[in-house]
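*Asks:* What follows is a structure written as structure tokens; I'll ask about it next.
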Amino acid sequence: MCGIVAAVSQRNIVPVLVEGLKRLEYRGYDSCGVAVHQEGALRRARSTSRVAELDTLIVEDGVAGFTGIAHTRWATHGAPAVHNAHPHFSPSDANARIALVHNGIIENHEALRAELQAKGYTFVSQTDTEVIAHLVDHHYAGDLFAAVKAAIVRLKGAYAIAVFCRDEPHRVVGARAGSPLILGAGEGENFLASDAMALAGVTNQIVYLEEGDVVDLQIGKFWVEAREGEGFVRATREVRTVYAHSGAAELGPYRHFMQKEIFEQPRAIGDTLEGVTGITPEFFGDEAWKIFRDIDSVLILACGTSYYAGCTAKYWLESIARISTQVEIASEYRYRDSVPNPRTLVVTISQSGETADTIAALKHARSLGMEHTLTICNVATSAMVRECRLAYITRAGVEIGVASTKAFTTQLAGLFLLTLALAQVRGRLTEAQEAEHLRQMRHLPVALQGVLALEPQIMAWAEDFAKKHNALFLGRGKHYPIALEGALKLKEISYIHAEAYPAGELKHGPLALVDANMPVVTVAPHDELLKKLKSNMQEVRARGGELYVFADADSSIESEPGIHVIRMPEHYGALSPILHVVPLQLLAYHTACARGTDVDKPRNLAKSVTVE
Numbered sequence: 005m006c007g008i009v010a011a012v013s014q015r016n017i018v019p020v021l022v023e024g025l026k027r028l029e030y031r032g033y034d035s036c037g038v039a040v041h042q043e044g045a046l047r048r049a050r051s052t053s054r055v056a057e058l059d060t061l062i063v064e065d066g067v068a069g070f071t072g073i074a075h076t077r078w079a080t081h082g083a084p085a086v087h088n089a090h091p092h093f094s095p096s097d098a099n100a101r102i103a104l105v106h107n108g109i110i111e112n113h114e115a116l117r118a119e120l121q122a123k124g125y126t127f128v129s130q131t132d133t134e135v136i137a138h139l140v141d142h143h144y145a146g147d148l149f150a151a152v153k154a155a156i157v158r159l160k161g162a163y164a165i166a167v168f169c170r171d172e173p174h175r176v177v178g179a180r181a182g183s184p185l186i187l188g189a190g191e192g193e194n195f196l197a198s199d200a201m202a203l204a205g206v207t208n209q210i211v212y213l214e215e216g217d218v219v220d221l222q223i224g225k226f227w228v229e230a231r232e233g234e235g236f237v238r239a240t241r242e243v244r245t246v247y248a249h250s251g252a253a254e255l256g257p258y259r260h261f262m263q264k265e266i267f268e269q270p271r272a273i274g275d276t277l278e279g280v281t282g283i284t285p286e287f288f289g290d291e292a293w294k295i296f297r298d299i300d301s302v303l304i305l306a307c308g309t310s311y312y313a314g315c316t317a318k319y320w321l322e323s324i325a326r327i328s329t330q331v332e333i334a335s336e337y338r339y340r341d342s343v344p345n346p347r348t349l350v351v352t353i354s355q356s357g358e359t360a361d362t363i364a365a366l367k368h369a370r371s372l373g374m375e376h377t378l379t380i381c382n383v384a385t386s387a388m389v390r391e392c393r394l395a396y397i398t399r400a401g402v403e404i405g406v407a408s409t410k411a412f413t414t415q416l417a418g419l420f421l422l423t424l425a426l427a428q429v430r431g432r433l434t435e436a437q438e439a440e441h442l443r444q445m446r447h448l449p450v451a452l453q454g455v456l457a458l459e460p461q462i463m464a465w466a467e468d469f470a471k472k473h474n475a476l477f478l479g480r481g482k483h484y485p486i487a488l489e490g491a492l493k494l495k496e497i498s499y500i501h502a503e504a505y506p507a508g509e510l511k512h513g514p515l516a517l518v519d520a521n522m523p524v525v526t527v528a529p530h531d532e533l534l535k536k537l538k539s540n541m542q543e544v545r546a547r548g549g550e551l552y553v554f555a556d557a558d559s560s561i562e563s564e565p566g567i568h569v570i571r572m573p574e575h576y577g578a579l580s581p582i583l584h585v586v587p588l589q590l591l592a593y594h595t596a597c598a599r600g601t602d603v604d605k606p607r608n609l610a611k612s613v614t615v616e
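Okay, structure coming up:
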């Protein structure tokens, strides 16, 4: 969460900083700001509006400079307000010499604040970030790099920071621990950013800073030191060529990025499964066959939408691969007593590969002796990929909308492939079964196009949903996690309270909520649980509830008063969850549009959750 861009250059760098913020705004949009070295002093512009409004303010105030830092914020400490917006200065007055931006959470900020106040520092914000700025200033004795190193050894928690000093106008220092930060090497200029996409079109020479790194950027050079105990040692980091296409952040003909990303799913699934002409464990890494042979269970760790992908995969793994599978919410797993099994395959799922809770849960599992690790991730260069022995990289492409869509379905594709690979190693996959699964996977992009064609019918439903305040979602078996995901999407972007239940649980409590004002969305594939699901639907109708049913073509569910039916183009067997989630995404999207909410940037949320 939060986005950082920084630069040291020989040109006015403000337009680059602002453009970078626009590309990172999905990471946080409670406030934003820019600070530069201008005419021997620090100058800044800050706003609680969006980056476009900040850009206008910068032009009006004539903010320009060769060295600068910029930030877009997701609020943790302190409300979204100008005085809490980054960059923060130290001292907090007209004589400021340190400017700093920060992503993360400093856990010992209260003790440091008290210590710095006793030394005479005045605090003007409620943020933990201002503590870092004053701490750097306290240690500053003419060498910014040394001051930052002295400051960060006092910090407990997670941080990615970029700092510059009034007295060293051609220097920016960055550091990271627990939050991502990359370095961009340019011609006669250097950059820092939270994400390579922020630097698209500026440089494609990227260094992925590692945990504990501190980097010193000057106009024609940079160097990195790595944390070693309480000290630092010089380190070499590979410069990689990374093509982060700026076009990925362009809407094209779509109204919102979420809509664009929903319609990109056929392409994303096709790219994710490209080259899959047969099932082999080597899709997941050179060690995969040996590891898959040695495990006897699977533990999936994830958060949010990725957690629901894991819940869906549990059904596949246990029914197809016949391997015991446990799915844990990452933020809970590391804080409870569990029973470790060294023969467990620990699978993490993350769109960004930087999700702090999931990384922490992964490290906890490893500390318990579970060393067989695999990640399903959309970013090949992420911390999650580096932390795990095995990986499968989905190819969803950049996802800007905060509510995940194509990242979710590509995760499901990767998890289904993992299921088949484990089934093969365990002798649970015949040649005929493999051929049939491969046929269905190859057909997925075409099948998804058929589902997307349902959009006009779903838009009509959305007009009804926009007037509601609550909704229930029902599913059974492997479609229960899909109902959970549908409810999450609706509440994320439309702010309608929505809950999901296994349909069989309806009579054990939630049925008390059902009346004519409570729409009940039902995921109704033509599978072995359809008859049971129909009985649950009758329970709703008997209480005057309105049913909205996504049914397979051959499910024999007909529209009638109180039952609204949209027919899916075809039944898709084990892969049905990938198809059935798409109309739920569209329903949430068009309901949000009808209510006039900010679809791509829902309140209180951000895309890349890099704080615990």
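Residue numbers (the numbering used here): 5 to 616.
Yeah, the Cβ is synthetic: ideal placement off N, Cα and C, and Gly gets one too.
Kindly indicate which three-state DSSP category S301 falls into: helix, strand or coil?
*Replies:* Taking the sequence shown and counting its residues from 1, one reaches residue 301 at position 297. Of the three classes helix, strand and coil, the one that applies to S301 here is strand, per DSSP.
*Asks:* Evaluate T126 with the Cβ neighbour count: other Cβ atoms within 10 Å of its Cβ, from every protein chain shown; 16 or more gives buried, anything less gives exposed.
*Replies:* The count along the sequence shown starts at 1 and reaches residue 126 at position 122. Exposed, since its Cβ has fewer than 16 Cβ neighbours within 10 Å.
*Asks:* If the criterion is Cβ atoms closer than 9 angstroms, does the pair G479 and D519 meet it?
*Replies:* Start at 1 with the first residue of the sequence shown, and residue 479 comes out as number 475. Start at 1 with the first residue of the sequence shown, and residue 519 comes out as number 515. Taking 9 angstroms as the Cβ cut-off, G479 and D519 do not qualify as a contacting pair.
*Asks:* With 16 other CB atoms within 10 Å as the buried threshold, where does V63 fall?
*Replies:* In the sequence shown, the residue the question calls residue 63 occupies position 59. Classification for V63: exposed.
*Asks:* Taking all protein chains shown into account, decide if H512 is buried (16 or more other Cβ within 10 angstroms of its Cβ) or exposed.
*Replies:* The residue given as residue 512 occupies position 508 in the sequence shown. So H512 ends up on the exposed side.
*Asks:* Is DSSP giving S623 helix, strand or coil here?
*Replies:* For residue 623 there is no data in the structure shown, the boundaries of the chain being 5 and 616.
*Asks:* Tell me which residue opens and which closes the alpha helix (DSSP H) that V455 is part of.
*Replies:* In the sequence shown, counting from the first residue as 1, residue 455 sits at position 451. Here the alpha helix (DSSP H) through V455 covers E435 to L456.
*Asks:* Which residues in the same chain as A145 place their Cβ atom closer than 8 angstroms to its Cβ, once the five residues preceding and following it in sequence are excluded?
*Replies:* Taking the sequence shown and counting its residues from 1, the one referred to as residue 145 is at position 141. Around A145: A151.
*Asks:* Does the distance from the C-beta atom of G566 to that of R545 stay below 9 angstroms?
*Replies:* Residue 566 sits at position 562 when you count from the first residue of the sequence shown. Residue 545 sits at position 541 when you count from the first residue of the sequence shown. For G566 and R545, yes; Cβs fall inside 9 angstroms.
*Asks:* If you draw a straight line from the alpha carbon of L372 to that of C307, how long is it in whole angstroms?
*Replies:* Position 368 of the sequence shown, counted from the first residue, corresponds to residue 372. Position 303 of the sequence shown, counted from the first residue, corresponds to residue 307. Rounded to whole angstroms, L372 to C307 spans 20 angstroms at the Cα level.
*Asks:* Rounded to whole angstroms, what is the Cα-Cα separation between A528 and L588?
*Replies:* As a working note, residue 528 is residue 524 in the sequence shown. As a working note, residue 588 is residue 584 in the sequence shown. Their Cα atoms are separated by approximately 12 angstroms.
*Asks:* Please state whether DSSP places Q263 in a helix, a strand or coil.
*Replies:* Counted from its first residue, the sequence shown places residue 263 at position 259. Helix at Q263.
*Asks:* Have a look at G274, T240, N208 and A179 and flag the residue whose alpha-carbon is nearest the alpha-carbon of V218.
*Replies:* The residue given as residue 218 occupies position 214 in the sequence shown. The shortest Cα separation from V218 among G274, T240, N208 and A179 belongs to A179.
*Asks:* Of the choices L452, N521, T76 and N540, whose alpha-carbon is the least far from that of M572?
*Replies:* In the sequence shown, counting from the first residue as 1, residue 572 sits at position 568. Nearest option by C-alpha distance: L452.
*Asks:* In the segment 314-401, which residue ranges form an unbroken alpha helix (DSSP H) of at least 4 residues, counting only runs that do not cross its ends?
*Replies:* Listed in chain order, they are 334-337, 360-371 and 387-391.
*Asks:* Please name the residue or residues paired with G37 in a DSSP beta bridge.
*Replies:* Taking the sequence shown and counting its residues from 1, the one referred to as residue 37 is at position 33. Per DSSP, R50 and H75.
*Asks:* Among residues of its own chain, excluding the 5 on either side of L277, which ones have a beta-carbon nearer than 8 angstroms to its beta-carbon?
*Replies:* What you label residue 277 is simply residue 273 of the sequence shown in a count that begins at 1. Cβ within range, chain order: A417, L421, M445, R446 and L448.
*Asks:* For the alpha helix (DSSP H) holding I497, just list the boundary residues, first then last.
*Replies:* Here residue 497 is taken as the residue at index 493 of the sequence shown, counted from 1. Start and end: Y484 to S498.
*Asks:* For a minimum of 3 consecutive residues, which ranges assigned as the beta strand (DSSP E) are wholly contained in the segment 131-204?
*Replies:* 161-169, 172-181, 186-189 and 194-197, all fully within the segment 131-204.
*Asks:* Helix, strand or coil: which one does DSSP assign to V128?
*Replies:* The sequence position of residue 128 within the sequence shown is 124, counting from 1. Of the three classes helix, strand and coil, the one that applies to V128 here is coil, per DSSP.
*Asks:* Taking a contact to mean a Cβ-Cβ separation below 9 angstroms, would you say V644 touches T377 in this structure?
*Replies:* The chain is shown from 5 up to 616; residue 644 falls before or after that span and cannot be answered.
*Asks:* CA-CA distance, N608 and H87?
*Replies:* Looking up residue 608 in the sequence shown gives position 604. Looking up residue 87 in the sequence shown gives position 83. About 19 angstroms.
*Asks:* Find out if the Cβ-Cβ distance for the pair G66, I17 is shorter than 9 angstroms.
*Replies:* Your numbering for residue 66 matches position 62 in the sequence shown. Your numbering for residue 17 matches position 13 in the sequence shown. No, Cβ-Cβ distance for G66 and I17 is not below 9 angstroms.
*Asks:* Do you know whose CA, among I102, H81 and G108, lies nearest L359's CA?
*Replies:* The count along the sequence shown starts at 1 and reaches residue 359 at position 355. The question names Leu, yet the displayed sequence has Thr at residue 359. The candidate whose alpha carbon is nearest that of T359 is G108.
*Asks:* Residues in the same chain with beta-carbon distance under 8 angstroms from I223, minus the five sequence neighbours each way, listed in chain order, please.
*Replies:* In the sequence shown, counting from the first residue as 1, residue 223 sits at position 219. V12, S13, Q14, H174, G192, E193 and N194, listed in sequence order.
*Asks:* Contact between the segment 199-206 and the segment 24-40: three or more CB pairs below 8 angstroms?
*Replies:* Counting Cβ pairs under 8 angstroms, three or more are found: they touch.
*Asks:* Taking all protein chains shown into account, decide if D59 is buried (16 or more other Cβ within 10 angstroms of its Cβ) or exposed.
*Replies:* As a working mapping, residue 59 is identified with position 55 in the sequence shown. The residue in question, D59, is buried, as its Cβ has 16 or more Cβ neighbours within 10 Å.
*Asks:* Going by other Cβ atoms of all chains shown within 10 Å of its Cβ, with 16 needed for buried, is P460 buried or exposed?
*Replies:* Here residue 460 corresponds to residue number 456 of the sequence shown, with the count starting at 1. When all chains shown are included, P460 counts as exposed.
*Asks:* Between K482, L139 and L426, which has its C-alpha nearest I283's C-alpha?
*Replies:* To locate residue 283, count along the sequence shown from 1; it is residue 279. Among K482, L139 and L426, the Cα nearest to that of I283 belongs to L426.
*Asks:* With three or more C-beta pairs closer than 8 angstroms as the rule, is the segment 500-507 touching the segment 549-569?
*Replies:* No contact exists between the segment 549-569 and the segment 500-507.
*Asks:* Taking 8 angstroms as the cut-off, is the C-beta of T377 nearer than that to any heavy atom in the ligand FAD?
*Replies:* Within the structure as shown, the ligand FAD is missing, as the structure has no ligands at all.
*Asks:* Would G636 and Y319 be called neighbours here (beta carbons separated by less than 9 angstroms)?
*Replies:* Since the first residue shown for the chain is 5 and the last is 616, residue 636 is missing from the structure and cannot be characterised.
*Asks:* Would you be able to state if there are at least three C-beta pairs under 8 angstroms between the segment 84-103 and the segment 326-342?
*Replies:* The segment 326-342 vs the segment 84-103: no contact.
*Asks:* Are there 16 or more other CB atoms within 10 angstroms of the CB of A74, so buried, or fewer, so exposed?
*Replies:* Within the sequence shown, numbered from 1, the residue matching residue 74 stands at position 70. Counting Cβ neighbours within 10 Å, A74 comes out buried, since at least 16 surround it.
*Asks:* Report the three-state DSSP secondary structure of Y312 (helix, strand or coil).
*Replies:* Stepping through the sequence shown from its first residue, residue 312 is reached at position 308. Helix, per DSSP.
*Asks:* Nearest CA to the CA of D147: which residue from S301, R170 and L579?
*Replies:* The count along the sequence shown starts at 1 and reaches residue 147 at position 143. Comparing Cα-Cα distances from D147 to each of S301, R170 and L579, the minimum goes to R170.
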